[in-house]
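These protein sequence lines map, in sequence, to chains A and B.
Under the working numbering, the first sequence has 1118 at position 342, and the numbering climbs by one with no breaks.
Under the working numbering, the second sequence has 991 at position 215, and the numbering climbs by one with no breaks.
Positions of the beta carbon are idealized from the N, C-alpha and C atoms, including for glycine.
These figures come from a predicted structure and were not determined experimentally.
I have placed the structure first, in the form of structure tokens, so that the comments after it can refer back to it.
Protein chains: 2
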Amino acid sequence: MPVATIDWVKNAVRIIDQTKLPNKTVYKDIKDIKSMQRAIKRLEVRGAPAIGVAGALGVLLGIGDRDYKDHVAFKKRLDYVISYLGSSRPTAVNLFWALERMRKCAKTNARRPVSEIRKALLKEALAVLREDRIICRKMAGYGASLIKDGDAILTHCNAGGLATVDYGTALGVIFKAHEDRKRIKVFADETRPLLQGARLTAWELVREKIDVTLICDNMAASLMANGKINKVFVGADRIASNGDTANKIGTYNVAVCAHYHSIPFYVVAPVATFDISIKKGDDIPIEERSGDEVRKILGRDIAPRQVKTYNPAFDVTPHGLISAIITERGIIRPPFSAIRHIIK
Amino acid sequence: MPVATIDWVKNAVRIIDQTKLPNKTVYKDIKDIKSMQRAIKRLEVRGAPAIGVAGALGVLLGIGDRDYKDHVAFKKRLDYVISYLGSSRPTAVNLFWALERMRKCAKTNARRPVSEIRKALLKEALAVLREDRIICRKMAGYGASLIKDGDAILTHCNAGGLATVDYGTALGVIFKAHEDRKRIKVFADETRPLLQGARLTAWELVREKIDVTLICDNMAASLMANGKINKVFVGADRIASNGDTANKIGTYNVAVCAHYHSIPFYVVAPVATFDISIKKGDDIPIEERSGDEVRKILGRDIAPRQVKTYNPAFDVTPHGLISAIITERGIIRPPFSAIRHIIK
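As structure tokens, this is what we get:
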């Protein structure tokens, strides 16, 4: 059973507060856009597909159920809400994709009464949510076809049920292979600084009784050299039209090591993660987060306070290191020129 | 001024308890071998050269100043002490090198009264300590010749004053370049699981006002891709006769990434770190430590308790990824066939 990461319940967005996992499972009802923007920024809700859904539902919180003087006032508010929610995190394009979908929906319905535009927007946001479930299953099906009995798979960060509405992108593939009764072994990178691998991926896999071993990020290369890993599956936050992929910091490190050891490296991401307005990875905006995430762990100092830090939240894996990208429309293989045709 | 990591003070071994750094600087006097074995095992004293010295001085604690019935009883005790201290940590060969040096000293003096053998052993242990200081300076001199004004250097784990009697192996090179007024920038990997980079290396470099930036282990590849690192310097725990080098877990990961980005990767280690009885890296024993080091940070859970872990304390970097090995006898470059001639 996938985790109920995000849902629309009684005019509020119900999320699991992921900053509290794995020690506590706390559900939280978010009722206004300020709280939603903050929840995305603080990673209470995270994962590219899930923050797309959070953005879409967030628009409903932003426009609320109050009366608007006229369509101009409504449109002004909608534009503000979309821009405000978009200011939460810059890298995952799914957020902007979902917000643009909401803007388009409002535009299509622009001549109808505000109350009906609102209904149409709710329908659209719930469609984004529902579709993500179907998309997860499709990606999982394609991805699992690449997994063989006995495979030992490395994954980085969390691309599971907590990152999507259903059971994930990269982890969805693993869940599906497990459902298909393939015997697999999973290694989860802890994923510093925010430990999504240790806190979230290990939690999801233990919950489903899948054979999972937690390792520190710097151990993967050594495991690869010792023949203990034979496939890598990761998610994505934004994919440029040439296949260059931004994902959680450390993904590029894994890709370089996989390449060196001739281990296939797969990216699993829905079509909404592609940004064909961007030619290559260099143009993807990379979020830099507070140095305290590096300097502290669970709020406690691990280094002298005076030390400088560098804390990019993502890195870019060039398409040359990627064996295939698995989407809900099928598997895209190098050269990635097919991206422009598949993603419209 | 190098840190006073280890010294012989009033018949005790005085160490900084490194598990308490950087938050507290606590000196500890160790008076018996059980405490010494535990201090090495728990990493209160750590770093290949420093645990060599700890082993040599530990022998004095083990034989104590009591009377022995005869030379046979003394020899029996000495053998036990050496074997017990050697059981603390398996990978760093400097410990065994120092213990063998003590055994040899006792053998050379075997015909003299026990009280005189004890004096000779103390003299020998203090020689190991004193020589390490001179060796650090020599390695630093050779190593610094490789550093240019403006270099940006990555280092992993702690190979500094806290790992030696003087100012370190890899960090010694950095200190020397800084003394020579070369403008350098240092990136320190935090080095999970035990965070020696964050806790110790950052502390040493901040203390000397060297420009240091702390990063998580998984960020180095991304920095390399962005041209922010142009040299890597690390220490070593055991070097096989073909140049394969065991060092802190994650070193191999850095070496693979440096190789991929054509960045020189240098190992700095005294002659005592070479084990020419071993042909290649595969034969180096790798210590595996408790899974709780991965599952917890600073004593707090970061993952579900049921999750399996893997926690090798070291990995092996094959000689093909090493640009040069810097010793107190000079710089050894590939092919490393010179090792057998230089290390006798």
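In the three-state reduction of the DSSP assignment, B:Gly919 falls in the helix class, which pools H, G and I. Within its own chain, the residues whose Cβ lies closer than 6 Å to the Cβ of B:Asn885, once the five positions on either side in sequence are excluded, are Ile893, Ala896, listed in chain order. Secondary structure at A:Pro825: helix, using DSSP grouped into helix, strand and coil. Contact between the region 818–828 of chain B and the region 847–858 of chain B is absent: fewer than 3 CB-CB pairs across the two stretches fall below 8 Å.
The beta carbon of A:Val988 sits closer than 7 Å to those of Val962, Ala964, Ala978, Leu981, Val982, all from its chain and outside the five residues before and after it, given in chain order.
A:Asn870: not part of any beta strand (DSSP E); member of the alpha helix (DSSP H) spanning 869–884, first to last residue.
Close to A:Lys1007, with beta-carbon spacing below 9 Å, lies no residue of chain B; the smallest spacing is near 17 Å. Per the DSSP secondary-structure output, B:Val1043 pairs in a beta bridge with B:Val1010, B:Ile1101. Contact annotation: in the region 1080–1099 of chain B, residues whose CB is within less than 7 Å of a CB in chain A are Pro1080, Gln1082, Val1083, Lys1084, Thr1085, Tyr1086, Pro1088, Asp1091.
Excluding the 5 residues flanking it on each side, B:Ala1022 has same chain C-beta neighbours closer than 6 Å at Thr867, Asp1013, Arg1014, Ile1060, Phe1090, Val1092, in chain order. Residues of the region 989–1021 of chain B with a C-beta less than 8 Å from any C-beta of chain A: Thr989, Leu990, Ile991, Cys992, Asp993, Asn994, Met995, Ala996, Ala997, Ser998, Leu999, Ala1001, listed in chain order.
Across the structure, A:Ser1099 and A:Ala1034 are spaced so that their CA atoms are roughly 10 Å apart. For A:Arg1081, no alpha helix (DSSP H) encloses it, and the DSSP letter there is neither H nor E.
At least one C-beta of chain B is nearer than 8 Å to the C-beta of A:Gly1026. From the beta-carbon of B:Asp1077, the residues of chain A found nearer than 7 Å are Asn799. Taking C-beta separations shorter than 6 Å and ignoring five residues to either side along the sequence, the partners of B:Ala1114 in its chain run Ile1108, following chain order. Cβ contact annotation for B:Pro1040 (same chain, cutoff 6 Å, sequence separation greater than five): Lys1007, Ser1099, in chain order. A:Ile858 and A:Lys796 have their C-alpha atoms some 28 Å from each other. Inter-residue distance for A:Gly917 and B:His1037 is about 36 Å (C-alpha atoms, whole angstroms). A direct Cα-Cα distance of roughly 46 Å separates B:Glu1064 from A:Trp873. B:Gly840 carries a coil assignment under DSSP once its states are collapsed to helix, strand and coil. Assignment of beta-bridge partners to B:Asn1023 by DSSP yields B:Asp1091. Each residue's CA atom was taken as its position, placing A:Asp927 and A:Ala815 some 36 Å apart. Under the three-pair Cβ rule at 8 Å, the region 946–956 of chain A does not count as touching the region 1048–1060 of chain B. C-alpha of A:Asn1029 to C-alpha of A:Asp925: approximately 27 Å in a straight line.
In the structure shown, A:Arg906 falls within a helical segment according to DSSP collapsed to helix, strand and coil. The CB of B:Val1043 never comes closer than 8 Å to any CB in chain A; the least such distance is about 16 Å. In the same chain as A:Thr931, and ignoring 5 residues on each side of it, the C-beta atoms closer than 8 Å to its own belong to Ala946, Leu947, Ile950, Val962, Phe963, Ala964, Asp965, Gly973, Thr977, Val1008, Phe1009, Val1010, in chain order. At a cut-off of 8 Å, the C-beta of A:Leu938 has no neighbouring C-beta in chain B.
Scanning the region 929–974 of chain B from its first residue to its last, the whole alpha helix (DSSP H) runs of 4-plus residues come out as 946–955. Only residues of its own chain outside the window of five on either side were considered, and among them Arg1071, Lys1072 have a CB closer than 8 Å to the CB of B:Ile1078, listed in chain order.
Boundaries of the alpha helix (DSSP H) harbouring A:Ala849: 847–862, taken from the DSSP string. At least one CB atom of chain B sits nearer than 8 Å to the CB of A:Tyr1036. Judged by DSSP secondary structure, B:Ile791 falls outside any alpha helix (DSSP H) and instead within the beta strand (DSSP E) spanning 788–792. Flagged as an interface residue toward chain B: A:Val1032, by a C-beta distance shorter than 8 Å. Pairing B:Gly944 with B:Lys1004, the inter-Cα distance amounts to about 24 Å.
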